[in-house]
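Its first residue numbered -9, the sequence shown is counted upward by one per residue in our numbering.
I have placed the structure first, in the form of structure tokens, so that the comments after it can refer back to it.
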Amino acid sequence: MKRRNFILGGVGLATLSLGATATNASLADTVSSVANFQAVENIKRDASLSANPSTSSFPSSKHTWTTNDITTGTAATDDTEVDTIEANYDFDGDAASFDGLGPADITVNIDRNGDGTRKEVSVNSTGATDIGGAVATFELSGNPNTNIAGDMELIIDGIENPSTSDSFRPSLTLTNYNGDSISTEADLTIVEGESFFSTTITNVPSSFTVKNDIQVDYEIENTGDTNGRQRIDSLSTEHKRNRSSRPQSTDIDDRKL
């Protein structure tokens, strides 16, 4: 009797006993496994991730994930429906923080039909949901169904960025009702610096009538070294009206808002 070892897909090591006679060789009936014996292809999946702003230690950044190659199927079954999503931002020495966030700060949009239209799925406040620290778990409500036929968008509104400027690889792990899971990663670049918006009035009427509306044009330019958001106050002698600049998803050099 001979013993031979076979490596299958990097998943587990299986030991098979081979028997032989003078005329032929056959596979013995017994097969022993020292690990989970699964013939599974090891695929590295990448997602896209944007952070607004991407400044280190920013206390309330918005992170938007979009999966590129995770699909579970068009029919909703226990095998295809996503039960939980785990977001891992623990980077061995640095981390982002979910502290202070709740289900209302998490948005999950899923394309369930493959037609490019996403449907929002709410996150349960109980059950497996655990939001805090560097690793958070979101349990999906299942209403509507959570199978993925196209792509998925996950928005985390208010996460605290890592404390150092560097490139990181956070991950998402999606698990179905049967406990099967699939993971994806994305690049996250954190920078030093601050954003600063410079406001310039470009046009104002030379004369106007009291109590009539007027139009004032102005430009807002980010003169800082990273993207962000800033409050703008517009003042007059008659009244005060607060206005806020729109959050920028990319760095601004010279852009009218």
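We put the beta carbon where it would ideally sit given N, CA and C, even for glycine.
Since we're looking at a predicted model, the values are computed, not measured.
CA-to-CA distance, residue j to residue i, given in whole angstroms
i: I121; j: D89; result: 7 Å
i: I191; j: T67; result: 58 Å
i: I254; j: A37; result: Given that the chain is displayed from residue -9 to residue 247, the structure contains no residue 254 and the question cannot be resolved.
i: T62; j: L130; result: 15 Å
i: L178; j: T57; result: 14 Å
i: A126; j: T199; result: 57 Å
i: A41; j: T70; result: 29 Å
i: I60; j: S197; result: 60 Å
i: S157; j: K52; result: 17 Å
i: N202; j: P43; result: 39 Å
i: S87; j: D170; result: 26 Å
i: S46; j: S115; result: 29 Å
i: T97; j: I180; result: 22 Å
i: L39; j: L144; result: 9 Å
i: S22; j: F81; result: Low confidence applies to S22: its pLDDT is 42, below 50, so where it sits in the model is not reliable, and the reading given next is rough at best. Distance between the alpha carbons of S22 and F81 is about 37 Å.
Residue i versus the options, residue with shortest Cα-Cα distance
i: R159; options: D69, N78, M142; result: N78
i: W55; options: T116, S157, A176; result: A176
i: G132; options: S155, N166, D207, K201; result: N166
i: E182; options: V200, S155, K52; result: S155
i: I75; options: E209, T136, I210, T199; result: T136
i: G83; options: N114, E209, A124, D73; result: A124
i: N168; options: D73, S87, T97, G117; result: D73
i: A134; options: A65, S46, T45; result: Sequence inspection shows Pro at residue 134; the Ala mentioned does not correspond to that position. Measuring from the Cα of P134, the nearest candidate turns out to be A65.
One or two residues paired with residue i in a DSSP bridge
i: A77; result: A126, L162
i: D156; result: I180
i: E209; result: T190
i: V72; result: N166
i: S51; result: I149
i: T57; result: DSSP lists no partner for T57.
i: N42; result: K52
i: S173; result: T163
Close beta carbons around residue i, own chain, < 6 Å, minus the five adjacent residues each side
i: G148; result: S50, L91, D95
i: F48; result: N151
i: P195; result: I204
i: V206; result: V194
i: S112; result: S131
i: G117; result: E129
i: N103; result: A139
i: N99; result: R108, E110, E143
Contact set for residue i: own chain, Cβ-Cβ below 8 Å, skip 5 residues either direction
i: G106; result: G140
i: S173; result: R35, S161, L162, T163, L164
i: D101; result: T107, R108, K109, I138, A139, G140, D141, M142
Other residues of its chain near residue i: CB distance less than 7 Å, five sequence neighbours each side excluded
i: A85; result: Y79, A124, P152
i: T119; result: P93, V113, T127, F128, E129
query: In chain order, which beta strand (DSSP E) runs of at least 3 residues are fully inside the segment 83 to 133?
result: 96 to 100, 109 to 111, 125 to 129
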